[in-house]
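What follows is a set of notes on a single structure, which appears directly below.
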Amino acid sequence: MIKEILEEPLVIKRTILEEQENIRRIANKIKTEDYKMAYITGSGTSYHAGLVGQYILSNLTSLTANTILASEFQHWIPSNLSRKTLLIAISQSGESRDVIEATKFALKKGIDILAITSTPESTLARLASYIIFPRSGREVAVPATKTYVAHLTAVFMLATELAALEETTTNVKVLKERLYDMPNVVEEIFRREKEEVYKAAKRYCNKNLIFVLGSGPNYATALEAALKLKETCMVFAEGFAAREFLHGPIRLIDERALMILISPSDEVSNYVSLARSFKGFGADVLSILEETEDSKILAELSDSVFYVPYGLPKFFSPIVFIVPIQLFAYYMSVLKGLNPDNPEKLVKVVK
């Protein structure tokens, strides 16, 4: 797992360099076909990548995007679908039973399929009209890390290419430049934060009640972070949209809890009162922040802080905020005497 996490800068770079032309062709085809609606489906980590995809496609392009869990797809998809609908099916293996079943159901409805999969010879790829192949390489560890980052990169590339074809006030050229710099940003996180992440893992490795809060695209990051902690550390971990946590779950907070707050600098003010409340209930607070003047007040309230580089467009922030949590989950698992590569009861592909 740690080897695969540390490969992420290369994975991002390869995906950008080797899939750029293919994604550009697919974006042009989507524009030509004039799709109005994109449903996105996946399971587990792939579903979380889909949620990020929904955010960026809905905010950066004219597509209306909606994400549905693959296992629930048949129950939630509308019956009166337009032929101008596209299904974006995300699966690392391309063999997940629920994703395949959702894809076949969509095909019966006459919907075109765009597959995002790390396995181009897979069943999902064979069912699809369009295929994006994130260059993650083989992932051996059961918990998905580099494949998640690779799939996010592919989604970001698709959104920016679609935005470039539309009349938009967004400076797509700047967005692309920042995306192309992402390998360096992730390398910087490894260089600056690995030691701090290890110290925090050592400090909190006996915590068995963990809540992760995020907003906007980082609501998906909170869900993915909690999943990684469950898989690797065998702890009760749940992700929430930040303020939704106040609607019931806050009842569980006491000195047993670790609260992980994911806060870009423009959201810090939303988390300050939450952090004060959590600490008042006896919980520990770990914040993941951009290192800015605005973030200082939350950093001072927190028991531990991981920093990510400042200035990345919020669209792309789910990559930088998940990286330190992947490291944290790995170190915690090892410190607890567990095997993060092959957690009991889990399989790489659910069939």
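For any residue, its number in my numbering is found by taking its place in the sequence shown, counting from 1, and adding 4.
Ideal placement from N, C-alpha and C gives every residue a C-beta, glycine not left out.
Only a predicted model underlies this, so the values are computations on that prediction, with no experimental measurement involved.
- Where M186 is concerned, the enclosing alpha helix (DSSP H) starts and stops at M186 to Y208.
- With contacts defined by Cβ atoms closer than 9 Å, S95 and S126 form a contacting pair.
- Distance between K112 and V351, taken at the CA atoms: about 29 Å.
- A93 is the residue among R101, P138, A93 and E171 whose C-alpha sits nearest the C-alpha of A119.
- Using a 10 angstroms sphere on the CB of H79, the tally of other CB atoms stays under 16, which defines it as exposed.
- For L85, the closest C-alpha among the options N63, V56 and D116 is that of D116.
- Excluding its 5 nearest sequence neighbours in each direction, L73 has C-beta neighbours in its own chain below 6 Å: Y51, listed in chain order.
- According to the DSSP secondary-structure assignment, I27 is paired through a beta bridge with no residue.
- Excluding residues up to 5 positions away in sequence, A226, G243, F244, A245, A246, F249, M263, I264, L265, I266, Y275 and L278 lie with their Cβ nearer than 8 Å to the Cβ of L217 in the same chain.
- With a cutoff of 9 Å on beta-carbon distance, Y59 and G220 are scored as near each other.
- Rounded to the nearest whole angstrom, the CA to CA distance from N63 to A42 is 13 Å.
- Contact between P147 and M5 holds: CB atoms are separated by about 6 Å, below the 8 Å threshold.
- The closest CA to that of A204, considering only I292, L131 and S281, is found on I292.
- DSSP places M263 in the uninterrupted beta strand (DSSP E) bounded by A261 to S267.
- Counting only runs of at least 3 residues, the region 224 to 309 fully encloses the following beta strand (DSSP E) elements, listed from N- to C-terminal order: 240 to 245, 261 to 267 and 288 to 294.
- Residue pairing of G218 in beta bridges, as defined by DSSP: A245.
- DSSP, read as helix, strand or coil, puts A132 in coil.
- Three or more Cβ pairs closer than 8 Å define a contact, and the region 173 to 190 meets that threshold against the region 5 to 16.
- Separation of G48 and F240 (C-alpha to C-alpha, rounded to the nearest whole angstrom) is 16 Å.
- Judged by DSSP secondary structure, M5 falls outside any beta strand (DSSP E); it is assigned neither H nor E.
- Rounded to the nearest angstrom, the Cβ distance from K88 to K33 is 13 Å, too far for a contact under 8 Å.
- For E23, the number of other beta carbons within 10 angstroms of its own is at least 16, and it is reported as buried.
- Taking 9 Å as the cut-off, the beta carbon of L331 is found no closer than this to the beta carbon of K206.
- In the three-state reduction of the DSSP assignment, T151 falls in the helix class, which pools H, G and I.
- As a beta-bridge residue in DSSP terms, A42 pairs with A69 and L90.
- Residue pairing by DSSP puts A119 in a beta bridge opposite A93 and I135.
- Between V312 and E297, the C-beta gap is not smaller than 9 Å, which leaves the two residues out of contact.
- DSSP places Y311 within a strand segment (E or B) once states are collapsed to three.
- By the Cβ neighbour-count rule, S83 is exposed, with fewer than 16 other Cβ atoms within 10 Å of its own.
- Listed in chain order, the non-local C-beta contacts of P124 below 7 Å within the same chain comprise I135 and F137, local neighbours out to five positions each way being set aside.
- The beta carbons of I323 and V153 sit closer together than 9 Å.
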